[in-house]
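There are 2 protein chains.
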Amino acid sequence: MTAPFINPVFDIALSYQKTAALIAALKLDIFTKIGGDNVSLDDLQVRTGASQRGLRILCDYLTVIGLLQKNETSYSLPYASRNFLDKSSPLAMGAFVDFAAAQETIELVFRDPASYVMRGGSEGLALMSPDHPIWVRYARTTMSFAGAKAKRVAKFVESFSEPVYTVLDISAGHGLYGIEVAKAFPDALLTAIDWAPVLEVTKENAQAAGVSDRLRTIAGSAMEQDWGSDYDLILLPNFLHHFSFETCTTLLRKIKASLIPGGRAIGVEFVPNEDRISPPMPASFAFWMLATTPEGDAYTTSDLDKMARDAGFAGATTRPLAPDPDSLIIFET
Amino acid sequence: MTAPFINPVFDIALSYQKTAALIAALKLDIFTKIGGDNVSLDDLQVRTGASQRGLRILCDYLTVIGLLQKNETSYSLPYASRNFLDKSSPLAMGAFVDFAAAQETIELVFRDPASYVMRGGSEGLALMSPDHPIWVRYARTTMSFAGAKAKRVAKFVESFSEPVYTVLDISAGHGLYGIEVAKAFPDALLTAIDWAPVLEVTKENAQAAGVSDRLRTIAGSAMEQDWGSDYDLILLPNFLHHFSFETCTTLLRKIKASLIPGGRAIGVEFVPNEDRISPPMPASFAFWMLATTPEGDAYTTSDLDKMARDAGFAGATTRPLAPDPDSLIIFET
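If you're matching them up, the sequences are chains A and B in order. Per the UniProt record's numbering, the very first residue in the first sequence carries number 1; after that it's consecutive. Per the UniProt record's numbering, the very first residue in the second sequence carries number 1; after that it's consecutive.
Listed below in structure tokens is the structure:
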């Protein structure tokens, strides 16, 4: 008897192929084409037009990595794939994969991985022009799973003792966070700030939600634009992680100055524990930021509290947004 | 209470970043520079010259994926990294990562993942010219963990009832399989066939092992070259998986014709179980071949037995090479 072969190096050296297989399966729409069925290779060939050999090898590999189930010689979807990869599911996140594993990002991450560790940051996406199509893609592709989170954020805002009349949504993107708050408070006026092409997505979604008559947009950088003052609530979802601690503090100071007394700012971020190595998803997120931004990071609760205090807030607290891996961050004046 | 967040899609969409982090760590030689120590970020900065911020984020991520251990604010190597990633270990396989996650391969795998599934194969590495430097790199980078396997193969050959006098090593590469057999049988003459630049590596290793006076080399393709006949033993390690079932059969027919009666051919391959979805490493290997060769595959024991019989052998049997994930395949005349 020999000991089982336990060597994580093979798996990690080759784990880029898992992402490639997922991209292939999404492009061929394999998850949707399997759906609730138990599908043979012959059938899958008819449904996708791909080679039987390619499908057999791809589907076996997807089974190994847990995205398909194999039943003798046919394939079906396990719960997670049914829920998150079949396009007919409301939680389908294939579009997120298009963003997280976009050709541009993969090239950036692999061009010279040692270089961004050496320098402590990357050029790359953060330096892309405001009208780069990736920002519009980001706004569109994160909508599917931001929807439920945005409702949970709005529910939390409803728990405040005072109603909300003026809301600023920084880096609005799809705009769902501000839109859900506007839906919860029918008198609230919503101001959304983002790059001009992205605001077209925000406007579409506001229109669809019936709140477009209460939406004002400001095109440009949150760092540079004058967005006015006396807001009851300022939202900054998925924004702080792109920047250094110092830049976040500067931004939070500007936010603090434009809130009414007692007003709040609310962020949504991947917040790792203080050990920075758990839970896996938020802790791993820091590496993504290292590889694709000049100074971005995944901030812990104590980081966020410190930057809040440095900026003049009373402090910052975090709450889980489970089952999502993100946290809600509340900056109290 | 909410259910824990179980969604494999995030992990797989982003698993390319695990490979990138491993590449960065190997380039910066972080595993060797930590070695048996428990190293703070300050120390690691001195040892690598990299930014503290980059090192902190990289080392935290390496901890999340199991390649480092974090102890409060310093880092040490878990057993697997000590064994397989610290360059001072005899089993260090960083060089293999240079091959398995070579820039060329990653580009090929990500250029258009749906295309090789559609077509059932890829152009790419298999069509690279014989003098492409990747083949020499492959020969050099697979030596560290081929060494122990080659000794196990030679041990197996020693268990035969008759000694071996003439050995042909097809696609010799580093040549270690043939060299170990030549060491075990001091009268054996060894013929190695591979691309001319690769045979320089074979010759170097034969020299170092003291068997170069018994080595003859034939430069060129195993499919095309006349390699002579009446061999007692023909080795074809890590070769069949590059080709279609039919091409393997053709090659095996040529091999069968150049063995003495009672002679044997021996392969080393990743052999998945008949279900083709286990064990994970050999089963996953088929996707690598799909993405990087026109017709390659990971063959099961029954595939190998069938191609052996089609080629005129009595059959093929497989034996584990544990703790390595590969199997030894014996083709009996």
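We put the beta carbon where it would ideally sit given N, CA and C, even for glycine.
Query: Pairwise C-alpha distance: Met307 of chain B and Phe245 of chain B; Result: 7 Å
Query: Where His174 of chain A sits in the DSSP three-state scheme; Result: coil
Query: Contacting residues, own chain, Cβ-Cβ under 8 Å from Gly121 of chain A (five flanking each side not counted); Result: Leu290, Thr293, Pro294, Glu295, Gly296
Query: Separation of Asp42 of chain B from Thr73 of chain B, as counted between CA atoms; Result: 10 Å
Query: Arg47 of chain A versus A:Arg56, A:Leu28, A:Cys59, residue with shortest Cα-Cα distance; Result: A:Leu28
Query: Min CB distance Pro163 of chain B to chain A below 8 Å; Result: no
Query: Contiguous alpha helix (DSSP H) assignments of at least 4 residues, all confined to the region 102 to 139 of chain A; Result: 103 to 111, 113 to 119
Query: Check whether His242 of chain A and Val201 of chain A have beta carbons under 8 Å apart; Result: no
Query: Secondary structure of Met1 of chain B, DSSP reduced to three states; Result: The predicted model places Met1 of chain B with a pLDDT of 36, which falls under 50 and marks its position as unreliable; any figure quoted below should be read in that light. Residue state, collapsed to three classes: coil.
Query: Chain B within 8 Å of Asn7 of chain A, Cβ atoms only; Result: yes
Query: Near-chain B residues of the region 132 to 147 of chain A (beta-carbon distance less than 8 Å), N- to C-terminal order; Result: none
Query: Arg53 of chain A (DSSP reduced to helix, strand or coil); Result: helix
Query: Other residues of its chain near Phe331 of chain A: CB distance less than 6 Å, five sequence neighbours each side excluded; Result: Ala265, Ala308, Phe313, Ala316
Query: Inter-residue spacing [alpha-carbon to alpha-carbon] between Ser40 of chain B and Thr191 of chain B; Result: 52 Å
Query: For Thr73 of chain A, three-class secondary structure by DSSP; Result: coil
Query: Contact list for Gln17 of chain B against chain A, beta-carbon separation under 8 Å; Result: Val109, Ser284, Phe287, Trp288, Ala291
Query: Per DSSP, cross-strand counterpart(s) of Ser40 of chain B; Result: B:Ser74
Query: Residue(s) in a DSSP beta bridge with Ala265 of chain B; Result: B:Ile234, B:Phe331
Query: Minimum Cβ-Cβ distance from Leu14 of chain B to chain A less than 8 Å; Result: yes
Query: Cβ neighbour criterion (16 or more within 10 Å) applied to Asn71 of chain B; Result: exposed
Query: Minimum Cβ-Cβ distance from Val46 of chain B to chain A less than 8 Å; Result: no
Query: For Asp163 of chain B, the first and last residue of its enclosing alpha helix (DSSP H); Result: What sits at residue 163 of chain B in the sequence shown is Pro, not Asp. Careful: Pro163 of chain B lies outside any alpha helix (DSSP H) and carries neither H nor E.
Query: Sufficient close CB pairs (3 or more, under 8 Å) joining the region 57 to 69 of chain B to the region 18 to 25 of chain B; Result: yes
Query: Minimum C-alpha distance to Arg216 of chain B - residue among B:Leu168, B:Ile34, B:Trp135; Result: B:Leu168
Query: Exposed unless 16 or more other CB atoms sit within 10 angstroms - verdict on Pro237 of chain A; Result: buried
Query: Touch test, the region 147 to 159 of chain B against the region 100 to 118 of chain B, Cβ-Cβ under 8 Å, three pairs minimum; Result: no
Query: Residue-level contact to chain B via CB, Pro113 of chain A, 8 Å cutoff; Result: yes
Query: Amino acids of chain A, ordered along the chain, whose beta-carbon sits closer than 7 Å to that of residue 413 of chain B; Result: The question about residue 413 of chain B has no answer, for chain B in this structure spans 1 to 333.
Query: Close Cβ partners of Phe160 of chain A (< 6 Å) along its chain, the five nearest in sequence each way excluded; Result: none
Query: Sub-8 Å separation of Val164 of chain B and Ala188 of chain B beta-carbons; Result: yes
Query: Neighbouring residues, chain B, relative to Asp303 of chain A (Cβ below 9 Å); Result: Result: empty, since nearest Cβ-Cβ is about 12 Å, beyond 9 Å.
Query: Under 8 Å from the C-beta of Asp275 of chain A: neighbouring residues of chain B; Result: Lys70
Query: Within chain A, the residues that Arg82 of chain B reaches when beta carbons sit closer than 9 Å; Result: By Cβ distance, chain A contributes nothing, its closest Cβ being about 12 Å from Arg82 of chain B, past 9 Å.
Query: Under the three-state DSSP convention, the category Pro320 of chain A falls into; Result: strand
Query: Chain-ordered chain A contacts of Val97 of chain B [CB-CB under 8 Å]; Result: Val9, Ala13
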